[in-house]
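Below: the structure, in structure tokens.
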Amino acid sequence: MSTGVRIPHPFPYQGSKRGIARHILPHIPSDTTSLIEPFCGSAAISIAAAAHGLARRFLLNDINPSLMTLWSWIMDRPTALTDGYERLWHDQTPDRKGYFFQVRDQFNATHEPHHLLYLLARIVKGSVRYSSEGRFNQSPDNRRSGMHPQTMRQQIMAVSELLSARTVLASSDFRDVSALATSADVVYMDPPYQGTSFTKDHRYYSSLSFGEFVEALSCMNDQGLSFMVSYDGKTGDKRHGRSLPEHLQLSHMYIQSGRSSQATLLGANHATIESLYLSPALVRRLHESPPGFTQALVYPRGHGAV
Ligand SMILES: C[S@@+](CC[C@H](N)C(=O)[O-])C[C@H]1O[C@@H](n2cnc3c(N)ncnc32)[C@H](O)[C@@H]1O
Numbered sequence: 042m043s044t045g046v047r048i049p050h051p052f053p054y055q056g057s058k059r060g061i062a063r064h065i066l067p068h069i070p071s072d073t074t075s076l077i078e079p080f081c082g083s084a085a086i087s088i089a090a091a092a093h094g095l096a097r098r099f100l101l102n103d104i105n106p107s108l109m110t111l112w113s114w115i116m117d118r119p120t121a122l123t124d125g126y127e128r129l130w131h132d133q134t135p136d137r138k139g140y141f142f143q144v145r146d147q148f149n150a151t152h153e154p155h156h157l158l159y160l161l162a163r164i165v166k167g168s169v170r171y172s173s174e175g176r177f178n179q180s181p182d183n184r185r186s187g188m189h190p191q192t193m194r195q196q197i198m199a200v201s202e203l204l205s206a207r208t209v210l211a212s213s214d215f216r217d218v219s220a221l222a223t224s225a226d227v228v229y230m231d232p233p234y235q236g237t238s239f240t241k242d243h244r245y246y247s248s249l250s251f252g253e254f255v256e257a258l259s260c261m262n263d264q265g266l267s268f269m270v271s272y273d274g275k276t277g278d279k280r281h282g283r284s285l286p287e288h289l290q291l292s293h294m295y296i297q298s299g300r301s302s303q304a305t306l307l308g309a310n311h312a313t314i315e316s317l318y319l320s321p322a323l324v325r326r327l328h329e330s331p332p333g334f335t336q337a338l339v340y341p342r343g344h345g346a347v
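Note that the working numbering has the sequence shown beginning at 42, numbered continuously upward.
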């Protein structure tokens, strides 16, 4: 981010909101007690919010229990975790590809967090995939050897220092942790990409239907909760996913998230734009208490990027 604040980055993760965090943070009121991330993945928004002094506490949740075990080691045992990663990283030569599959088998047998960290550092585009039997089945990116252990150690130590004293972890369905929110909190939701969760890839650990998600948001509105959702988007004229329905009365805006690599390959000049939705309670709060972070470039519907 171009704000002068260094934002540490624990591991590569497909769908990470690291690149657009500066557009999301301005919607967090300065008096927020807890920032809750029910679909946390690599928790890019909580990390950026903590680095900017927004929110007093954090709640990170993901339905993938191995990912949350990794998070618990980042918080409580960062030295042991990064020592384990360093051993794997050095042992991977000369047969990096064969070694990856060996570690993958070990991870599927034992679910050790340093194995998962190594897999995340080596897989194609940080894209986590599980088989229908729940076995990690993504392949390595053989052009890369994964983040250097020294860099990994610096990043993980910095994330640990930033979050460990004020973060609670959970591994449950998003509805269970959203139900813990109070009117002084903000819930940021970045569910799995629509369309990928029902494919045979099993890219994410669970499936989540559009209808179920909309129903959960409707309940959160009934409770007057402040929440934000990253959902659909578009590249040029191509839409990704369905928009959230009008009856939820969410404020909608587009955020410019970069160029699509596919469009760049084809020589097209198409920017990728992602939707961000704000709940009515959050919009009301933002009128009363100013955001704690203001350096944003947000494009409301009908202006700027669209
Ligand atoms: C798009 S990723 C989130 C990426 C995250 N914003 C980041 O910055 O890295 C979606 C996450 O939702 C998790 N997930 C899928 N279904 C879930 C559910 N029902 N409840 C909680 N988490 C879920 C997946 O395991 C995945 O890590």
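For glycine and all other residues, C-beta sits at the position ideal for the given N, C-alpha and C.
- Sequence-distant Cβ neighbours of Q290 in its own chain, meaning closer than 6 angstroms and more than five residues away, are P321.
- Taking all protein chains in view, the Cβ of K279 is surrounded by fewer than 16 other Cβ atoms within 10 Å, so the residue is classified as exposed.
- For E78, the three-state secondary structure derived from DSSP is strand.
- By the C-beta density criterion, F142 is exposed, having fewer than 16 other C-beta atoms within 10 angstroms.
- Around the Cβ of E329, a 10 Å sphere holds fewer than 16 other Cβ atoms; the residue is exposed.
- For the set C81, S71, R47, the Cα lying nearest the Cα of P233 is the one of C81.
- Linking G60 to G45 through their CA atoms gives a straight-line distance of about 15 angstroms.
- Here R283 is exposed. Its C-beta has fewer than 16 other C-beta atoms within 10 Å.
- In the structure shown, the three-state DSSP call for M198 is helix.
- Taking each of I48, H64, R145 in turn and checking the Cα distance to R163, the smallest one comes out for R145.
- Note on geometry: alpha-carbon atoms of S267 and S219 lie some 10 angstroms from one another.
- Residue state for N102 is assigned as strand, using DSSP reduced to three classes.
- When distances are taken from the beta-carbon of S83 to the heavy atoms of ligand 1, the shortest one is below 7 angstroms.
- Less than 8 angstroms divides the Cβ of M116 from the Cβ of L210.
- If you draw a straight line from the Cα of G94 to the Cα of V228, it is about 17 angstroms long.
- DSSP, read as helix, strand or coil, puts F268 in strand.
- In terms of side-chain proximity, the C-beta atom of Y171 is found no nearer than 7 angstroms to any non-hydrogen atom of ligand 1.
- For Q235, no pairing in a beta bridge is given by DSSP.
- In the DSSP assignment, A222 forms no beta bridge with any residue.
- At least one heavy atom of ligand 1 falls within 7 angstroms of the beta-carbon of G56.
- Under the three-state reduction of DSSP, F141 is assigned to helix.
- For the region 122-196, the continuous alpha helix (DSSP H) assignments of 4+ residues that do not extend past its boundaries occur at 137-151, 154-163, in sequence order.
- Taking the C-beta atoms as reference points, L108 is found no nearer than 8 angstroms to L158.
- With a threshold of 7 angstroms, the Cβ atom of R176 does not count as near ligand 1, since no heavy atom of the ligand is closer than that.
- Not one heavy atom of ligand 1 sits closer than 7 angstroms to the Cβ of F99.
- For S113, the secondary structure class from DSSP, reduced to helix, strand or coil, is helix.
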